[in-house]
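S.K.:
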Amino acid sequence: MDNHPLELTINGKTYKTAVEHRKTLADTIRENCDLTGTHVGCEHGVCGACTVIVDGKTVRSCLMFAHQAEGCKIRTVESLARGDELHPLQEAFIENHAIQCGFCTPGFLMLIIGAYENDPDITEENLIEVLSSNLCRCTGYQNIIKAVRSASGGLLAIGSDADA
Ligand code: FES
Ligand code: FES
C-alpha cells in the first residue's frame, strides 16, 4: 500500500508526514509524530487508552484514520503539562493515587478534560457515566473519581487551553 502525504495539527504544532490511507490516527500520532503519550491497548474502540481530543470532541484514535483528522485540531496528553508544571488534573491523579500501572491514564485525562470542556457543570452521575467508557484494570475507579473531584476547580480553567 502507498503512503500519502499528510499534515496533522497536534497540540498547536504542524506535523508533515506520509501514511497509508488505512493507518489509524493512534498509530500515526505515536509512530510518525513521536507522541507516545497516547497509548494503544485493544485497538478496536473498547478500552479508551487511545483517547485524544479532535476539534473539541473526545475520540478513540484507534477508530479514526489519520487522514480523516487532516485539518482538525488534535490534542493529546502531551498538551497538558507546561514544561515541568503538570496540569492540575495530572497533579490530582498523583495526589489521589489514581494511577497504578498508568497505562490507562493518558486516555482518562483526555476523556475527563473533554467532558469538562463540553459541560463545565457536569453532574457526578454523568461524570461516572463518562468514566465508565474507559477501562482501568488497576484502580477500581474510586481514586480516579476522587482525583476529578479534587481537581474540579482547576479543570474549569482548562477551557483557555482548548485551542492549544
Ligand atoms: S486502543 Fe483505542 S479504544 Fe482501546
Ligand atoms: S492504572 Fe493500570 S489500567 Fe488503569
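Numbering-wise (this note's numbering), the sequence shown opens with residue 71 and increments by one. Glycine included, each C-beta is placed from N, C-alpha and C at the ideal position. Computed from a prediction, not measured in an experiment: that's the story for all the values here.
#1: Which of the three DSSP states, helix, strand or coil, is assigned to residue 186?
#2: For residue 131 and residue 116, I'd like the C-alpha separation in whole angstroms.
#3: With a CB to CB cut of under 6 Å and the five nearest residues on each side skipped, what residues in its chain are close to residue 143?
#4: Please find out if some non-hydrogen atom of ligand 2 comes closer than 8 Å to the beta-carbon of residue 138.
#5: Is the beta carbon of residue 123 less than 9 Å from the beta carbon of residue 172?
#6: Give me the DSSP bridge partner(s) of residue 86.
#7: Check whether the Cβ atoms of residue 76 and residue 140 lie closer than 9 Å to each other.
#8: Are the Cβ atoms of residue 138 and residue 205 separated by less than 9 Å?
#9: Can you round the beta-carbon distance between residue 213 and residue 167 to whole angstroms, since I take them to be within the 8 Å contact cut?
#10: Would you decide whether residue 155 is buried or exposed? Buried here means 16 or more other CB atoms lie within 10 Å of its CB.
#11: With residue 100 as the anchor, note down where its alpha helix (DSSP H) starts and where it stops.
#12: From residue 150 to residue 119, what distance separates their C-alpha atoms?
#13: Is the distance from the Cβ of residue 159 to the Cβ of residue 218 below 9 Å?
#14: Note down the Cα distance separating residue 195 from residue 72, rounded to an integer number of angstroms.
#15: Assuming residue 93 contacts residue 135 under a Cβ cut-off of 8 Å, what Cβ separation, rounded to an integer in Å, is found between them?
M.R.: Looking at the coordinates:
#1: Helix, per DSSP.
#2: Pairing residue 131 with residue 116, the inter-Cα distance amounts to about 11 Å.
#3: Around residue 143: 79 and 125.
#4: Result no, Cβ not under 8 Å from ligand 2.
#5: In this structure, residue 123 lies away from residue 172, with their beta-carbon atoms at least 9 Å apart.
#6: Partner residues in the beta bridge of residue 86, as assigned by DSSP, are 77.
#7: Yes, the pair counts as a contact, with Cβ atoms nearer than the cut-off.
#8: Contact flag unset, no.
#9: Confirmed, Cβ separation roughly 5 Å.
#10: Flag for residue 155 reads exposed.
#11: Residue 100: member of the alpha helix (DSSP H) spanning 95–101, first to last residue.
#12: Cα to Cα, the separation comes out at about 16 Å.
#13: Contact: yes.
#14: Straight-line spacing of the CA atoms in residue 195 and residue 72 works out to 47 Å.
#15: The Cβ separation is near 7 Å, so the contact holds.
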